[in-house]
Amino acid sequence: MLQALRGETLLAFVDRQYVLTREGELALAEAEQILQLDDAWMRKEVRVVNGLTAVRYDSNPEVPYFSQQHSIDKIWKSGSPLIQNGLLCWVEAKAQLEAPEFDAVRDYLLAYRRHNNEWLCVSIGEKSSYATWLGWSWAKSAIGKPLADDPMASDADQYVSQSYDSILRSGGLRIDHVYTKIARTHGGKPEPITYQRLILRCMFPNGDHALVTLVERTNTIQIVNVNLDDLPAMDPAML
Numbered sequence: 147m148l149q150a151l152r153g154e155t156l157l158a159f160v161d162r163q164y165v166l167t168r169e170g171e172l173a174l175a176e177a178e179q180i181l182q183l184d185d186a187w188m189r190k191e192v193r194v195v196n197g198l199t200a201v202r203y204d205s206n207p208e209v210p211y212f213s214q215q216h217s218i219d220k221i222w223k224s225g226s227p228l229i230q231n232g233l234l235c236w237v238e239a240k241a242q243l244e245a246p247e248f249d250a251v252r253d254y255l256l257a258y259r260r261h262n263n264e265w266l267c268v269s270i271g272e273k274s275s276y277a278t279w280l281g282w283s284w285a286k287s288a289i290g291k292p293l294a295d296d297p298m299a300s301d302a303d304q305y306v307s308q309s310y311d312s313i314l315r316s317g318g319l320r321i322d323h324v325y326t327k328i329a330r331t332h333g334g335k336p337e338p339i340t341y342q343r344l345i346l347r348c349m350f351p352n353g354d355h356a357l358v359t360l361v362e363r364t365n366t367i368q369i370v371n372v373n374l375d376d377l378p379a380m381d382p383a384m385l
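All the letters of the sequence shown, read from the start, carry residue numbers 147 to 385 under this note's numbering.
(1) Quick check on the DSSP output: the beta strand (DSSP E) that includes Q308 runs from which residue to which?
(2) Going by Cα to Cα distance, which pick from T331, L314, D322, N373 is closest to A356?
(3) I'd like the list of long-range same chain contacts for F159, defined as Cβ closer than 7 Å, with 5 residues on each side in sequence excluded.
(4) List the whole-angstrom C-beta distance separating L293 from D303, where the pair is believed to meet the contact cut-off of C-beta under 8 Å.
(5) By DSSP, does R251 sit in helix, in strand, or in coil?
(6) Starting from Q230 and walking both ways along the alpha helix (DSSP H), at which residues does that stretch end?
(7) Consult DSSP for E208 and reduce its assignment to one of helix, strand or coil.
(8) What first and last residue would you give for the beta strand (DSSP E) that runs through S269?
(9) If we ignore side chains and look at the alpha-carbon of each, how far apart do N262 and G281 end up?
(10) Please work out which residues of its chain come closer than 7 Å, Cβ to Cβ, to K335, disregarding the five sequence neighbours upstream and downstream, and give them in chain order.
(11) Evaluate the contact criterion for the stretch 316 to 323 versus the stretch 220 to 240: three or more CB pairs, one atom per stretch, below 8 Å.
(12) I need the DSSP call for M89, collapsed to helix, strand or coil.
(13) In whole angstroms, give me the CA-to-CA distance for L198 and I369.
(14) Using only alpha-carbon positions, find the residue among K291, Y258, R252 that is nearest to E272.
(15) Can at least three beta-carbon pairs, one atom from the stretch 283 to 297 and one from the stretch 232 to 251, be found at a separation below 8 Å?
(16) Could you name the residues that DSSP lists as bridge partners for L360?
(17) Please report the straight-line C-alpha distance between Q230 and S307, rounded to a whole angstrom.
(18) Is it true that the CB of L228 sits closer than 8 Å to the CB of Y258?
(19) Going by Cα to Cα distance, which pick from M298, D376, C267 is closest to V358?
(20) Could you have a look at L157 and say whether DSSP puts it in helix, strand or coil?
(21) Cutting at 7 Å between CB atoms, please list the residues of its own chain near E154, excluding the five before and the five after it.
(22) Measure the C-alpha to C-alpha separation of Q182 and V209 and round it to an integer number of angstroms.
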């Protein structure tokens, strides 16, 4: 019945067993995301504000994750010069990741590839917020690993992955403001960090989709129902 409603074949009978088709794998991933969002909504961790997603995850007080998606024009109103330049480079490069028009911000970018329903990190810029927060030696160990296994992995990664998935599907861009805590050393205590994150869908030279993030650490963030004055602040030296 589900196959009839969707108008596509989700299961195939192969070697005396049912297996998911390509359409079935995509549908399963979408269904899992819907169930995760439904569960998060019931726990009041996710809400929609003017059509944009806000997350308030504090089940683990040691590593809270608060974020809010903002309208794109917010980039021009309160985005840093780096974030603004990153958006301009994306437009001028026509979303081609290896285009020379991206060179002005390439050292600040992280790039991911979707593989087996996971996000694999494929490149890390040496000047990226990721690298300067963790240190280059530790940061580069994330290359080739899925999002859930990288040094910045946390219980809130499902929300990060969902934001990435939404841009992969839409083919567009997204700007988020984020407050969380991330350790700066292996086994270290999580420290407060606030940042703006630009997410862009790009293309690898072979035509495969890439997801690129450009992060700028800043105290200029706005998150609905989160009073930053009540939370531990990021070390000013890390701005």
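Ideal Cβ placement from N, Cα and C applies to all residues, glycine included.
Quick look at the numbers:
(1) As a working mapping, residue 308 is identified with position 162 in the sequence shown. Looking at the DSSP string, Q308 is not in any beta strand (DSSP E); the run it does join, the alpha helix (DSSP H), is 303 to 316.
(2) To locate residue 356, count along the sequence shown from 1; it is residue 210. The candidate whose alpha carbon is nearest that of A356 is L314.
(3) Residue numbering aside, residue 159 sits at position 13 when the sequence shown is read from its first letter. Its chain contains no residue whose beta carbon lies nearer than 7 Å to that of F159 once the 5 sequence neighbours on both sides are disregarded.
(4) Stepping through the sequence shown from its first residue, residue 293 is reached at position 147. Stepping through the sequence shown from its first residue, residue 303 is reached at position 157. L293 to D303, Cβ: 6 Å. Contact.
(5) Taking the sequence shown and counting its residues from 1, one reaches residue 251 at position 105. The question names Arg, yet the displayed sequence has Val at residue 251. DSSP places V251 outside both helix and strand once states are collapsed to three, so it counts as coil.
(6) By one-based count along the sequence shown, residue 230 stands at place 84. Unbroken alpha helix (DSSP H) run through Q230: 227 to 238.
(7) Position 62 of the sequence shown, counted from the first residue, corresponds to residue 208. Of the three classes helix, strand and coil, the one that applies to E208 here is coil, per DSSP.
(8) Sequence index remark: in the sequence shown, residue 269 carries index 123 (1-based). Bounds of the beta strand (DSSP E) holding S269 are 264 to 270.
(9) Within the sequence shown, residue 262 is the residue found at index 116, counting from 1. Within the sequence shown, residue 281 is the residue found at index 135, counting from 1. If you take the alpha carbons of N262 and G281, they lie about 29 Å apart.
(10) By 1-based counting over the sequence shown, the position of residue 335 is 189. Hits under 7 Å: A329.
(11) Result yes; three or more Cβ-Cβ pairs closer than 8 Å.
(12) The structure shown does not extend to residue 89, since the chain is modelled only from 147 to 385, so the question has no answer here.
(13) The residue given as residue 198 occupies position 52 in the sequence shown. The residue given as residue 369 occupies position 223 in the sequence shown. CA-to-CA, the gap between L198 and I369 works out to about 11 Å.
(14) Locating residue 272 in the sequence shown gives position 126, counting from the first residue. It is R252.
(15) No, they do not touch.
(16) Counting from 1 along the sequence shown, the entry for residue 360 is found at position 214. L360 pairs with L255, L344.
(17) The residue you call residue 230 lines up with position 84 of the sequence shown. The residue you call residue 307 lines up with position 161 of the sequence shown. Between the alpha carbons of Q230 and S307 lies a distance of about 23 Å.
(18) Residue numbering aside, residue 258 sits at position 112 when the sequence shown is read from its first letter. Residue numbering aside, residue 228 sits at position 82 when the sequence shown is read from its first letter. No; because the gap between Cβ atoms is not below 8 Å, this pair is not in contact.
(19) Here residue 358 is taken as the residue at index 212 of the sequence shown, counted from 1. Of the listed residues, the one whose Cα sits closest to V358 is C267.
(20) Translated into the one-based positions of the sequence shown, residue 157 becomes position 11. DSSP places L157 in strand when its eight states are reduced to three.
(21) Counting from one through the sequence shown, the residue named residue 154 turns up at place 8. Contacts found: E169.
(22) Numbered from 1 along the sequence shown, position 36 holds the residue referred to as residue 182. Numbered from 1 along the sequence shown, position 63 holds the residue referred to as residue 209. Confidence at Q182 is low in this model, with a pLDDT of 49, below 50, so the placement of that residue should be treated as unreliable; the coordinate-derived value is given next. Distance between the alpha carbons of Q182 and V209 is about 19 Å.
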